[in-house]
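Read the structure below first, then the notes.
The structure is reproduced here in C-alpha cells:
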C-alpha cells in the first residue's frame, strides 16, 4: 500500500503518446512504457521502465538513473549511479548486428530455461495461452507493483541501500521477463506444431521458432515495439 501511494505521487506518465520532456527543476521522474528527455535538472532520481532516456546538453540528474528495458543517450550529466538493463539498440537505428544479438540471446535464454526449469516455462505457457486477458492484467499489476517498490526504495532507503534494492529488482525483473517470454514462445509454438514438419515439431524446436518469430516481429517499424511490450506484459 505504501509503495502504491509513493507510485501515484511520483509517476509522471504511463504509456504517454510522446516523449516526456523535463524542463526546469523537478524532484523526481518516473515513467512507465514511455521515453524521457531531460532538458533541465532533476534533483532526485529518474526511473524509466520500458523506455529510453535522452539527456540534453543542459540535462542533469542529481540522483540515480534507473532504466529497465531501454537505453540512455545524450551528453547530459548523471551525478549518481546509472543502472541500465537495455532493451533497444542504443543508437535508435536499425542494426543487423543488434538484431542478431537479440535473436541469439533470446534463443539461448529460452533453450536454457526450457532445459533447466521446464515445469515453470510450461506453467507460464499454459496460463498465457489459455487466459491471455488474465495474464495481461496480471502483468500490468505486477509492473505497477514493481515500479512502486522501486520508487519506495528511492524515497525511503539510504543511498547505499537504494543501489542494492534496485540491483535486486532489476535482476528479478529480468528473470520474470525471460521466463514470461519463454513461456509465451512455448504457448505459441504449441499452437504452431500442427503446421510444422515432424523434425521441427519437438518442444525445443517449436519454442525456438516461436521465439525467433517474436523477436523478428519486434524489429518491424511502427508496431514492432508495442508488440514486444505486449508480449513482455502478457508473459
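In our numbering, the protein residues as written are 1 to 235. Cβ coordinates follow ideal geometry from the N, Cα and C atoms, glycine included. The structure presented is a predicted model; accordingly, all values stated were derived computationally and were not measured.
{"Asked": "In whole angstroms, give me the CA-to-CA distance for residue 204 and residue 22.", "Found": "46 Å"}
{"Asked": "Secondary structure at residue 117, three-state DSSP: helix, strand or coil?", "Found": "coil"}
{"Asked": "Excluding the 5 residues flanking residue 20 on each side, which residues of the same chain have their C-beta closer than 8 Å to its C-beta?", "Found": "12, 13, 29, 31, 34, 35, 36 and 37"}
{"Asked": "Here's the rule I'm using: 16 or more other beta-carbon atoms within 10 Å means buried, otherwise exposed. How should residue 182 be labelled?", "Found": "buried"}
{"Asked": "Look at the alpha carbon of residue 102 and the alpha carbon of residue 73, and state the distance between them as a whole number of angstroms.", "Found": "20 Å"}
{"Asked": "Determine the closest residue to residue 174 out of 63, 68, 61 and 83, with distance taken between C-alpha atoms.", "Found": "68"}
{"Asked": "How big is the Cα-Cα spacing for residue 201 and residue 128?", "Found": "20 Å"}
{"Asked": "Which value, in whole angstroms, describes the spacing of the CA atoms of residue 111 and residue 188?", "Found": "15 Å"}
{"Asked": "Just the C-alpha distance for residue 60 and residue 26, rounded to the nearest angstrom, thanks.", "Found": "11 Å"}
{"Asked": "Rounded to a whole number of angstroms, what is the C-alpha to C-alpha distance between residue 191 and residue 45?", "Found": "44 Å"}
{"Asked": "Between 212, 199, 196 and 50, which lies nearest to residue 140 when the distance is taken from Cα to Cα?", "Found": "50"}
{"Asked": "Can a CB atom of chain C be found closer than 8 Å to the CB of residue 138?", "Found": "Absent here is chain C; the protein component of the structure consists of one chain."}
{"Asked": "Would the beta-carbon of residue 48 fall within 8 Å of that of residue 63?", "Found": "no"}
{"Asked": "Residue 136 by DSSP, collapsed to three states: which one?", "Found": "helix"}
{"Asked": "Quickly, what does DSSP pair residue 25 with across the bridge? List them, please.", "Found": "41"}
{"Asked": "Determine the direct distance from the alpha carbon of residue 196 to that of residue 150, and round the result to whole angstroms.", "Found": "43 Å"}
{"Asked": "Could you say which of 166, 131, 122 and 117 lies nearest to residue 234 if we only look at CA atoms?", "Found": "131"}
{"Asked": "In terms of DSSP beta bridges, what is residue 83 paired with?", "Found": "66"}
{"Asked": "Compare the C-alpha of residue 99 against each of 229, 230, 232 and 214 and name the closest.", "Found": "214"}
{"Asked": "Within this structure, are the beta carbons of residue 54 and residue 65 separated by less than 8 Å?", "Found": "no"}
{"Asked": "May I ask which residues mark the beginning and end of the alpha helix (DSSP H) holding residue 254?", "Found": "With the chain covering only 1 through 235, there is no way to say anything about residue 254."}
{"Asked": "For residue 210, is the classification buried or exposed, using 16 other Cβ atoms within 10 angstroms of its Cβ as the cut-off for buried?", "Found": "buried"}
{"Asked": "Residues in the same chain with beta-carbon distance under 6 Å from residue 166, minus the five sequence neighbours each way, listed in chain order, please.", "Found": "66 and 83"}
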